[in-house]
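In full-length UniProt numbering, the protein residues as written are 1 to 193. Okay, so here's the structure we're looking at.
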């Protein structure tokens, strides 16, 4: 079994990296081959120019291959302005590309409904946020949930998409973070069954 872990946070000392590390360790302990990608450490170039520039980018091709091979996908990132960080948005544009993550039926142009190509049975998004949940839902209607579930992975063929938010990070205590990491391990394990 193979799993992809993507982390998109520039600070290696961040709680996002702690989450990604616990996910990786849990997967490895369960016998998974883990494709671990720290987008900032890899200097992933998020700027999409055109498809021909992407097929010459060995890192993009590696990420695409790992996504196609993955049985499970874990993505870890902060909530910045109700969105993933720009580096992760660029990763989506370049890696989850037509012919890799989805295709259109023969005779249907880009205006049709795509057919998903990813084989992963599950996607788990793990977010951090400094916005309390009540405010997130009342004012913003939780845009990240819609983005990941309905706008991205639904069209890549993965309907088993889960999201967990850890908040409020800025005022969290050490015991809270330890408990959250234990929860990350439990979540990761539960997604593998």
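Positions of the beta carbon are idealized from the N, C-alpha and C atoms, including for glycine. Note that the coordinates shown come from a computational prediction; the quantities given were computed from them, not determined experimentally.
* To do: Could you name the residues of the same chain whose beta carbon sits closer than 8 Å to that of residue 112, not counting the 5 residues immediately before and after it, in chain order?
  => Mapped onto the chain shown, residue 112 falls at position 112. These residues qualify, in order along the chain: 104, 105.
* To do: Look at the Cβ atom of residue 158, then the Cβ atom of residue 123, and state whether they are nearer than 7 Å.
  => Residue 158 sits at position 158 when you count from the first residue of the chain shown. Residue 123 sits at position 123 when you count from the first residue of the chain shown. In contact: residue 158 and residue 123 (Cβ atoms closer than 7 Å).
* Can you tell me the Cα-Cα spacing of residue 75 and residue 126, whole angstroms? -> By 1-based counting over the chain shown, the position of residue 75 is 75. By 1-based counting over the chain shown, the position of residue 126 is 126. Straight-line Cα distance between these residues: approximately 6 Å.
* Residues near residue 1 by beta carbon distance below 6 Å, same chain, minus five either side -> The residue labelled residue 1 in the question sits at position 1 within the chain shown. So the qualifying residues of the chain are 32, 71.
* Have a look at 161, 81, 8 and flag the residue whose alpha-carbon is nearest the alpha-carbon of residue 143. => Reading the chain shown from its first residue, position 143 is the one you call residue 143. Nearest option by C-alpha distance: 81.
* To do: Ignore the nearest five residues each way along the sequence and tell me which others in residue 107's own chain have a CB closer than 8 Å to its CB.
  => The count along the chain shown starts at 1 and reaches residue 107 at position 107. Take residue 107, set aside five residues on each side of it, and no residue of its chain has a beta-carbon closer than 8 Å to its own.
* Write down every uninterrupted run of the beta strand (DSSP E) in the segment 59 to 98 whose length is 3 residues or greater and which is fully enclosed by it, in chain order. => 72 to 78
* Run the proximity test for residue 31: is its beta-carbon closer than 6 Å to any non-hydrogen atom belonging to the ligand FMN? => Ligands are entirely absent from the displayed structure, and the ligand FMN is therefore not among its contents.
* **residue 167, enclosing beta strand (DSSP E) - first and last residue** => One-based indexing of the chain shown puts residue 167 at position 167. Per DSSP, residue 167 belongs to the beta strand (DSSP E) from 161 to 167.
* Of the choices 118, 100, 97, 13, whose alpha-carbon is the least far from that of residue 161? -> Stepping through the chain shown from its first residue, residue 161 is reached at position 161. Out of 118, 100, 97, 13, 118 has the C-alpha closest to the C-alpha of residue 161.
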